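Asks: In my numbering, the protein residues as written are 197 to 538. Even glycine gets a Cβ: it sits at the ideal position worked out from N, Cα and C. Fair warning: this is a prediction, and the values are worked out from it, not measured in the lab. My questions will all concern the structure given below.
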Ligand SMILES: Nc1ncnc2c1ncn2[C@@H]1O[C@H](COP(=O)(O)OP(=O)(O)OP(=O)(O)O)[C@@H](O)[C@H]1O
Ligand SMILES: [Mg+2]
């Protein structure tokens, strides 16, 4: 079977690669629907911009929640939108799609994801472990005997995978990602400061003031934001200081460090020892969080670095897999392949 398109469907973003063309799309995995209608009125960037601005009868949806499929209808609609937009697929009536999927998703969710791709128009669909795709995109030599540790920091999940000989030696995950920090920032602004802010403002605050090393973060930065004052019930300007944002980040960062430590701890001794040389590599857009690599390096006691263009590691890995899928067939699950997921 020839694979024409690879899709990294994330909780917040979807990234697409095509055979011979490489990565071609990086957009929010959002769809906006008018009530009672089966086709989205818009998708991607425009749909995401509607969050918090929707008028009556219009709602915005994402197919995934916390890294796994929540709604197969939205997944089917999103795949359909991607297939329609794809230049490379226009020349083919039959095309195969490889989709990156979290290893902790349940079998029923994987089945539903495959079905969604088939219903959207693919002749054949295959799932591949998303950590394998990310590791390939990050340039990790996972086929060799030395251990390689990949930490994928996403919006809806965070995972750590220890590879050796192209197989998974240890794996751990958190069923939430950096979006958890956005929710905390919104709650702190409401409960402690009396302002309601939208999700995109919370994301902006996280990106600007958030850090994984609170003690090193500059404390004198202030952001000027606009929110709805709960006392006045009117939009008002207010200042956001660094400390509450660092507090919102800290619990999540602590849990990431704890989860990664447990993965290294559960690995066979020789593999853990390899990590002293090879270190850990961070992928996923969340890997760009200020000082996250340094904090994890300290917690694990090994060198830690952020991959080049971390957000697109998984889709670049998919681009490699669709060019040459054979070596990775053990990590796939589809209509034909035998499932050997662990
Ligand atoms: N500089 C930054 N600081 C903090 N968080 C960041 C930064 N850049 C991106 N993020 C966060 O990374 C997350 C998006 O990561 P990514 O696009 O890898 O997720 P996803 O692939 O959609 O989700 P998942 O793989 O978890 O299902 C968002 O929560 C975003 O706010
Ligand atoms: Mg992702």
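(1) Let me confirm a value: residue 276 is counted as buried when at least 16 other C-beta atoms fall within 10 Å, else exposed. Which label applies?
(2) Given residue 300, which residues of its chain have a CB within under 6 Å of its CB, disregarding the five upstream and five downstream residues?
(3) Exposed or buried, which one is residue 274 when buried takes at least 16 other CB atoms within 10 Å?
(4) So what's residue 276 in DSSP terms, helix, strand or just coil?
(5) Could you work out which residue in 219, 247, 426, 200 is closest to residue 394 when comparing CA atoms only?
(6) Is DSSP giving residue 261 helix, strand or coil here?
(7) Residue 331: beta carbon under 7 Å from a heavy atom of ligand 2?
(8) CB of residue 484 to nearest heavy atom of ligand 1: below 7 Å?
(9) Which one or two residues does DSSP pair with residue 330 in a beta bridge?
(10) Over the uninterrupted alpha helix (DSSP H) stretch that includes residue 403, give me the two end residues.
(11) Enumerate in chain order the residues of its own chain whose CB-to-CB distance from residue 536 is below 7 Å, with the five nearest sequence positions on each side excluded.
(12) Excluding the 5 residues preceding and the 5 following residue 325 in the sequence, name in chain order all residues of the same chain whose CB lies nearer than 6 Å to its CB.
(13) Counting only runs that start and end within the segment 482 to 522, where is the beta strand (DSSP E) found for 3 or more residues in a row?
(14) Does residue 456 come out as helix, strand or coil in the three-state DSSP assignment?
(15) Flag residue 327 as yes when its Cβ comes closer than 7 Å to any non-hydrogen atom of ligand 2, and as no otherwise.
Replies: Straight from the coordinates:
(1) Around the beta carbon of residue 276, a 10 Å sphere encloses 16 or more other beta carbons of the protein chains shown; the residue is thus reported as buried.
(2) Around residue 300: 369.
(3) Buried: at least 16 other Cβ atoms inside 10 Å.
(4) In this structure, DSSP gives residue 276 a helical state, which the three-state scheme calls helix.
(5) Comparing Cα-Cα distances from residue 394 to each of 219, 247, 426, 200, the minimum goes to 247.
(6) If DSSP states are grouped into helix, strand and coil, residue 261 belongs with the strands.
(7) No, the Cβ of residue 331 stays beyond 7 Å of every heavy atom of ligand 2.
(8) Yes, ligand 1 has a heavy atom inside 7 Å of this Cβ.
(9) Answer is none; residue 330 lacks a bridge partner.
(10) Unbroken alpha helix (DSSP H) run through residue 403: 395 to 405.
(11) With a pLDDT of 39 at residue 536, under the threshold of 50, the modelled position of that residue is not reliable, and no figure is offered here.
(12) Answer for residue 325: 299, 527, listed in chain order.
(13) Listed in chain order, the complete beta strand (DSSP E) runs (minimum 3 residues) inside the segment 482 to 522 are 500 to 502.
(14) Residue 456 falls in the helix class under three-state DSSP.
(15) Distance from the C-beta of residue 327 to the nearest heavy atom of ligand 2 is not below 7 Å.
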